[in-house]
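Residue numbers (mature numbering (1 follows the signal peptide of the UniProt record, and there is no 0)): 2 to 302.
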Ligand code: G3I
């Protein structure tokens with residue numbers, strides 16, 4: 002293949018990018034997006050603060066715009082994210098207990114229902130585990146409603162959109178460590194008890210090296226009977242950037258249940274990481290060495 006999406010498709014994978022819908026009027030941006038990617042995810046527009054700015058008042062303008070762009074261009078859509086401790090609307094930040102639990106589950110139901118049939122995979126719950134060595138849940142207003150809030154969210158999402166793959170998504174899970182093991186144990190428990198979960202997203206916001214057991218970590222999750230996806234890939238600029246991009250791509254291709262890779266933006270200038278220059282296209286829209294490394298890896302073998 003001569004594009005990321007074509008080369009990935011030959012290997013049975015998708016290749017996606019996070020999109021800021023405000024940039025869909027930027028010709029250079031859309032040109033790259035439509036040429037190279039066959040999956041999109043909203044960088045912000047499907048989050049709780051964007052979709053339910055006032056309790057019970059839902060706004061889907063940005064998300065609908067992205068879905069319609071995807072449909073018109075043969076792209077699938079990842080939904081991001083139904084519940085997260087960050088980017089909550091102010092009204093939810095100030096809630097607790099059963100009122101928050103009910104509001105959160107209602108949010109899942111309403112948003113997943115609105116987009117029913119349009120979403121390939123939903124990040125149902127994002128970043129619910131703590132960093133560091135505890136392997137425990139992150140403290141948050143949602144966690145304080147009870148440890149079962151995650152499974153309640155997955156059950157509500159399944160009921161609302163039975164056709165969407167339901168994912169748990171997190172970062173700092175790039176190898177076998179306390180945090181990824183905490184998530185692993187949750188997924189194993191969910192599978193054992195029949196809680197509906199289909200996939201785990203590995204954000205993969207990476208620095209200047211990659212954990213040696215990155216692929217082994219993906220594989221142990223796949224062995225639980227879930228798909229795995231690289232969901233927010235970006236890599237610190239430097240002499241290792243292209244190699245790390247290639248290694249992540251190779252790891253996904255080596256794990257049968259790794260269904261696709263999403264990079265968290267298009268050009269370096271579109272990235273939340275600013276001067277890290279962490280993406281595949283430079284600020285002028287030119288392909289970087291990292292791009293060629295990913296493409297060559299997708300085409301190898
Ligand atoms: O839209 C407002 C604008 O009106 C206002 O003037 C401006 C002033 O700060 O803020 C704008 O909103 C910003 C928004 O991005 C859109 O640009 C928010 O402040 C800013 O916080 C927000 O950042 C996003 C961040 O999530 C929020 O936590 C990033 O774009 C987005 O890339 C980032 O994505 C997250 C994933 O969802 C989850 N995993 C980590 C990843 C990177 O942080």
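The beta-carbon is built from N, C-alpha and C at its ideal position, and this holds for glycine as well.
Alpha-carbon to alpha-carbon, residue j and residue i
i: residue 213; j: residue 163; result: 36 Å
i: residue 105; j: residue 84; result: 7 Å
i: residue 235; j: residue 149; result: 32 Å
i: residue 252; j: residue 207; result: 14 Å
i: residue 117; j: residue 42; result: 15 Å
i: residue 156; j: residue 277; result: 38 Å
i: residue 30; j: residue 246; result: 21 Å
i: residue 262; j: residue 239; result: 21 Å
i: residue 230; j: residue 143; result: 25 Å
i: residue 19; j: residue 98; result: 33 Å
i: residue 94; j: residue 159; result: 25 Å
i: residue 218; j: residue 15; result: 20 Å
i: residue 35; j: residue 26; result: 13 Å
i: residue 121; j: residue 134; result: 33 Å
i: residue 299; j: residue 188; result: 29 Å
i: residue 274; j: residue 211; result: 18 Å
i: residue 49; j: residue 215; result: 30 Å
i: residue 233; j: residue 172; result: 9 Å
i: residue 289; j: residue 243; result: 8 Å
i: residue 44; j: residue 62; result: 14 Å
i: residue 285; j: residue 248; result: 25 Å
i: residue 141; j: residue 59; result: 23 Å
i: residue 22; j: residue 151; result: 28 Å
i: residue 201; j: residue 287; result: 32 Å
i: residue 336; j: residue 102; result: Because the chain is modelled from 2 through 302, residue 336 falls outside the range shown and cannot be assessed.
i: residue 205; j: residue 161; result: 29 Å
i: residue 9; j: residue 82; result: 24 Å
i: residue 47; j: residue 124; result: 10 Å
Any non-hydrogen atom of ligand 1 closer than 7 Å to residue i Cβ
i: residue 185; result: no
i: residue 142; result: no
i: residue 89; result: no
i: residue 216; result: no
i: residue 81; result: yes
i: residue 172; result: yes
i: residue 49; result: no
i: residue 123; result: no
i: residue 204; result: yes
i: residue 127; result: yes
i: residue 92; result: no
i: residue 148; result: no
i: residue 306; result: No answer is possible for residue 306: the residues shown for the chain start at 2 and end at 302.
i: residue 1; result: Nothing can be reported for residue 1: it is not among the residues displayed for the chain, which extend from 2 to 302.
Residues bridged to residue i [DSSP beta-bridge criterion]
i: residue 56; result: Bridge partners of residue 56: none, in fact.
i: residue 150; result: According to DSSP, which records beta bridges pairwise, residue 150 is partnered with nothing at all.
i: residue 171; result: 203
i: residue 20; result: 43
i: residue 15; result: 261
i: residue 166; result: 122
Segments assigned alpha helix (DSSP H), at least 4 residues, entirely inside the region 229-294: Runs of the alpha helix (DSSP H) inside the region 229-294: 242-255.
Secondary structure, beta strand (DSSP E): runs of 3+ residues fully inside the region 95-140: Within the region 95-140, the runs of beta strand (DSSP E) at least 3 residues long that lie entirely inside it are, in chain order, 122-127.
Length at least 4, wholly inside the region 55-91: the alpha helix (DSSP H) runs in chain order: As far as the region 55-91 is concerned, its whole alpha helix (DSSP H) runs of at least 4 residues are 62-73.
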